[in-house]
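**Student:** I am attaching a structure below and will ask some questions about it afterwards.
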Ligand code: TYD
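Residue numbers (this note's numbering): 200 to 408.
Written out as structure tokens, the structure is:
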């Protein structure tokens, strides 16, 4: 089963992915977690270029193509082989991040994004996508509370994040079959139980087929 997690920075994705990984391991399932951009040696090198604050003049399309290149390597080197071995593959961001950030946020042409997303994912769609949704106000509140050093993408303006949040809403509505939208202001435990409920439901449906 291929499960992706989406949401703006500070939405709480990483906490939920770790909890889900532990939950599946307790159930004796084979599970691997990967993150985007990254997850392979080549993809991690691309990640360094993408997040490097020195690369301020990077063009939107360059950025998008680098994310895509990193993704193609990850899909072929890790995700597809593990899915073949019946693993649960948990992915921290996938092609919907490119649509939301570079498309809706960065104004790269959406048609081009859809075409290249298909190529960069080797036509592999997630079985389920959890969108952990927070507002830009909640994002700001959390950002003030943590004060960590920001990478290049996190330095973008609040208006950019607003567009990304809206973009995620549109993407979720266009992909209702695989999308579960969760209110990111719920407690960590509440969000975790929504996630496990959906995975169990999905598995029941799959067994019936
Ligand atoms: P990361 O530190 O992994 O952030 P997070 O923990 O929130 O996932 O940095 C990834 C950044 O890259 C994040 O700001 C989102 C952005 N991103 C894109 O803009 N497009 C993409 O296709 C992907 C995968 C990530």
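Glycine residues also receive a C-beta, built at the ideal position from the N, C-alpha and C atoms.
Please tell me whether residue 239 and residue 328 are closer than 8 Å, where the distance is taken between their beta carbons.
**Tutor:** As a working note, residue 239 is residue 40 in the chain shown. As a working note, residue 328 is residue 129 in the chain shown. No. Outside cutoff.
**Student:** Look at the Cβ atom of residue 331, then the Cβ atom of residue 212, and state whether they are nearer than 8 Å.
**Tutor:** For the purposes of this step, residue 331 is identified with residue 132 of the chain shown, where counting begins at 1. For the purposes of this step, residue 212 is identified with residue 13 of the chain shown, where counting begins at 1. Going by C-beta atoms, residue 331 is nearer than 8 Å to residue 212.
**Student:** So residue 320 and residue 270 are in contact, right, with Cβ under 8 Å, and what is the actual spacing, rounded?
**Tutor:** Residue mapping note: residue 320 aligns to position 121 of the chain shown, counting from 1. Residue mapping note: residue 270 aligns to position 71 of the chain shown, counting from 1. Between residue 270 and residue 320 the Cβ distance is about 6 Å, and since that is below 8 Å, they are a contact.
**Student:** With distances taken between CB atoms, is the gap from residue 210 to residue 366 smaller than 8 Å?
**Tutor:** Here residue 210 corresponds to residue number 11 of the chain shown, with the count starting at 1. Here residue 366 corresponds to residue number 167 of the chain shown, with the count starting at 1. No; because the gap between Cβ atoms is not below 8 Å, this pair is not in contact.
**Student:** In terms of residues, what are the limits of the alpha helix (DSSP H) holding residue 262?
**Tutor:** Position 63 of the chain shown holds residue 262. Element bounds for residue 262: 259–273.
**Student:** Can you tell me which of 295, 222, 338, 397 puts its alpha carbon nearest to the alpha carbon of residue 369?
**Tutor:** Indexing the chain shown from 1 puts residue 369 at position 170. Distances from the CA of residue 369 to each of 295, 222, 338, 397 were compared; the closest alpha carbon is that of 295.
**Student:** Beta-carbon separation of residue 229 and residue 286 under 8 Å?
**Tutor:** Position 30 of the chain shown holds residue 229. Position 87 of the chain shown holds residue 286. Yes, the Cβ-Cβ distance between residue 229 and residue 286 is below 8 Å.
**Student:** Got a sec? Which residues, its chain only, sit under 7 Å from residue 241 by beta carbon, not counting five neighbours each side?
**Tutor:** Along the chain shown, one-based indexing puts residue 241 at 42. If we look at residue 241 and ignore the five residues flanking it on each side, its Cβ neighbours are 272.
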